[in-house]
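Have a look at the structure below, then the notes.
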Amino acid sequence: MKILFLDQSGQLGGAELCLTEIAKPYRDRCLVCLFTDGPFRQALEQEHIPVQILATQPLQVRKDSGWVQGISSLRQLLPLVARVVQLSREFDLIYANTQKALVVGALASLISRRPLVYHLHDILSLEHFSPTNRQLAVTLANRCASRVFATSEAAQAAFIQAGGCPERVEVVYNGFDPTLYQCDRAQTERIKQELGLQSKFLVGHFSRLSPWKGQHVLLKALQYCAEDVTAIFVGDALYGEQAYAQELHSQVAELGLQERARFLGFRYDVVPLMYACDAIAHTSIAPEPFGRVIAEAMLCERPVIAAQAGGAVELIEPGVTGLLVPPEDSETLASAINFCRKQQEWVRAIAQKAKIQASQRFHQNAINRQIAHLLDQIPIHTQSKPKAREHLKEPQSLIPPNPLNKGG
Ligand code: UDP
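Using this note's numbering, the first residue of the sequence shown is number 2, and each one after it goes up by one.
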């Protein structure tokens, strides 16, 4: 099956990292189209996955935009749709990986008559989406998508609650290659040394800086933790949330935590950094759609303490494969960190179980098999069939070169 993947972002967010793994087995018969350039393009190129940037400017409409902004973005949207229609003629299926990609993909699929799959990486709640955008996503998914892949049961439930068609949506968890989540002791020690934090009990927070990711909750918790507990914050403000990053630095100064909180920015060496940590905190204050970081920490055999909501509840069995605490509750988070610090044997056993479970439940091969099976069930339109529509074909000069012939 030849797949045209669409994603609005050039950044390396969770949805984009997930897509990279999904696209790998299709690298010789797919094209990933991005609506913005950025490090995601480079990551795809490194994996030899064909990629094309379709727009020069990011679409102005946001998750919380209403109708007015939506309509005013049409000028940007229509050329994108036209381009995707052209490209899609070379593919069997359009795979929209983000919400703006759904809008473009849905319109293009109606015109090019290619089936559409929507991978829903969000919880369609009013905390994250304007009522207009939520309605738009559900309507387009119901009308145009043959299948909706929800990133967790929580995402699936929110989709159905918002009016999404229950028969069309299937839970597809993020997949991981467990062999990539290994690190030797020497590398771990080197990282600790570089950070100058060998003697500390190190708590890691791995996430882009954004108010709903709740880095402030961990900073507040540090006040109630033993003196040697130190936190590293790995991640940057990817989507223009610099004001929040600034607030976090002010909070550190106000609480006198300069020696106990480090901001490392966006890092590509997440795995060794996780190994350097004694525990990983996941502090989202709104339900996390999936929580790749939780699964990654489990694969790195590190104890995870996560806010009890959304995907985290599906990933962690509390007291067996990790710990769950109420969202936004810094004191309970601090108690859980102090507990991990004191009960290191018990915590090690939990982390071992977590690794085994995550390696089985989220194994990339199993997830890719599930996706291939679901895609195979979608009836595809074959190129040879629509002879009667020959007169609708574009003149040859307008047909773009086949990206599959470009040696990808
Ligand atoms: N990540 C990364 N470098 C960083 C911070 C995060 O590579 O500096 C990765 C992290 O390992 C995870 C992804 O970004 O794979 C974030 O995914 P998640 O589902 O946790 O959150 P999202 O960004 O999708 O909301």
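Just so you know, even glycine gets a beta-carbon here, dropped at the ideal spot from N, CA and C.
Return the chain-ordered list of same chain residues with a C-beta closer than 8 angstroms to the C-beta of residue i, the five sequence neighbours on each side being excluded.
| i | result |
| --- | --- |
| K386 | Note that K386 scores a pLDDT of 42, beneath 50, so its modelled location is shaky; the value from the coordinates is reported in the next line. Excluding positions up to five away in sequence, the list is empty. |
| R362 | Y174 |
| G176 | C19, E22, I23, F363, H364, Q365, N366, A367, I368 and N369 |
| L256 | L220, K221, L223 and Q224 |
Could you check the C-alpha separation between residue i and residue j for me, to the nearest Å?
| i | j | result |
| --- | --- | --- |
| L137 | A296 | 31 angstroms |
| F6 | P51 | 10 angstroms |
| L274 | A142 | 38 angstroms |
| A335 | K201 | 15 angstroms |
| A56 | E228 | 50 angstroms |
| F160 | L127 | 12 angstroms |
| I4 | G15 | 20 angstroms |
| S251 | V314 | 32 angstroms |
| N308 | L325 | Strictly speaking, residue 308 in this sequence is Ala, with Asn absent from that position. If you take the alpha carbons of A308 and L325, they lie about 6 angstroms apart. |
| C226 | N339 | 6 angstroms |
| K25 | R261 | 40 angstroms |
| Y182 | I351 | 17 angstroms |
| R115 | S89 | 7 angstroms |
| A44 | V271 | 15 angstroms |
| A156 | I379 | 22 angstroms |
| Q358 | Q87 | 44 angstroms |
| R370 | D178 | 13 angstroms |
| Q397 | E91 | Interpretation of Q397 is limited by its pLDDT of 37, a score under 50 that renders its predicted location unreliable; the figure taken from the coordinates is listed afterwards. Between Q397 and E91, the C-alpha separation is close to 14 angstroms. |
| T133 | P167 | 21 angstroms |
| L184 | C301 | The identity of residue 184 in the sequence shown is Cys, whereas the question assumes Leu. Answer to the nearest angstrom: the Cα atoms are 8 angstroms apart. |
| T284 | H382 | 45 angstroms |
| H49 | D29 | 9 angstroms |
| T99 | K354 | 33 angstroms |
| A282 | V82 | 41 angstroms |
| Q247 | D377 | 48 angstroms |
| P431 | R268 | Since the first residue of the chain shown is 2 and the last is 409, residue 431 is not available in this structure. |
| T140 | I124 | 15 angstroms |
| T189 | I306 | 21 angstroms |
| R76 | V85 | 15 angstroms |
| L196 | R135 | 43 angstroms |
Excluding five sequence neighbours on each side, which residues of the same chain lie with their C-beta closer than 7 angstroms to the C-beta of residue i?
| i | result |
| --- | --- |
| K193 | Q199 and A277 |
| G320 | none |
| L121 | V149, F150, A151, T152, A156 and F160 |
| L13 | P40, F41 and A44 |
| L203 | T231, I233, A277, C278 and D279 |
| V253 | L220, Q259 and A262 |
The alpha helix (DSSP H) that contains residue i, what's its start and end?
| i | result |
| --- | --- |
| I379 | Premise fails: I379 is in no alpha helix (DSSP H) and is neither H nor E. |
| Q252 | Q243 to L256 |
| I357 | Q345 to R362 |
| H283 | Taken as a continuous stretch (DSSP letters only), H283 belongs to no alpha helix (DSSP H), being part of the beta strand (DSSP E) at A280 to H283. |
| G312 | G312 to L316 |
| L190 | Strictly speaking, residue 190 in this sequence is Glu, with Leu absent from that position. Segment R186 to L196, the alpha helix (DSSP H) holding E190. |
| L45 | P40 to Q47 |
| V173 | First-last for V173: undefined, no H or E at that position. |
| E298 | Reading the sequence as shown, one finds Ala at residue 298 and not Glu. Looking at the DSSP string, the run of the alpha helix (DSSP H) that includes A298 is R293 to L300. |
| A109 | Q100 to S113 |
| I1 | Nothing about residue 1 can be read from this structure; the chain reaches only from 2 to 409. |
For the beta strand (DSSP E) containing residue i, name the first residue and the last one.
| i | result |
| --- | --- |
| I124 | From DSSP, I124 is part of no beta strand (DSSP E); its letter is neither H nor E. |
| F207 | F202 to F207 |
| T231 | V230 to V235 |
| S147 | A146 to A151 |
| L5 | I4 to D8 |
| L35 | C31 to L35 |
| E329 | Element bounds for E329: n/a, residue is neither H nor E. |
| G266 | A262 to G266 |
| I417 | Shown here, the chain extends from 2 to 409; a query on residue 417 therefore has no answer. |
| A287 | Where A287 is concerned, there is no enclosing beta strand (DSSP E), given that its DSSP letter is neither H nor E. |
Who are the near neighbours of residue i in its chain, counting only those whose CB is closer than 6 angstroms to its CB and skipping five residues on each side?
| i | result |
| --- | --- |
| G266 | D237 |
| I54 | L35 and D38 |
| V348 | P304 and C341 |
| C145 | A107, S110 and L117 |
| R263 | I233 |
| S331 | V218, K221 and A222 |
| V170 | V149, A151, Q157 and F160 |
| I400 | Residue confidence for I400 is low, a pLDDT of 34 falling below 50, so the modelled location carries little weight; the figure read from the coordinates is stated next. Closer than 6 angstroms at the Cβ level, and outside the excluded window around I400, lies no residue. |
Out of the options, which has the shortest C-alpha to C-alpha gap to residue i?
| i | options | result |
| --- | --- | --- |
| T180 | I372, L375 and Q365 | Q365 |
| V105 | A187, E91 and L78 | L78 |
| P290 | I379, V139 and F150 | F150 |
| V294 | I23, H206 and L249 | H206 |
| T322 | A310, S113 and M299 | M299 |
| Q9 | L316, E195, A97 and E255 | A97 |
| D93 | L32, F130, L20 and G292 | L32 |
| Q216 | E190, G197 and Y245 | Y245 |
| G1 | I286, T333 and Q188 | There is no way to answer for residue 1, as the model of the chain reaches only from 2 to 409. |
| S208 | K343, E242, T140 and R84 | E242 |
| K214 | Q224, I95, R186 and P288 | P288 |
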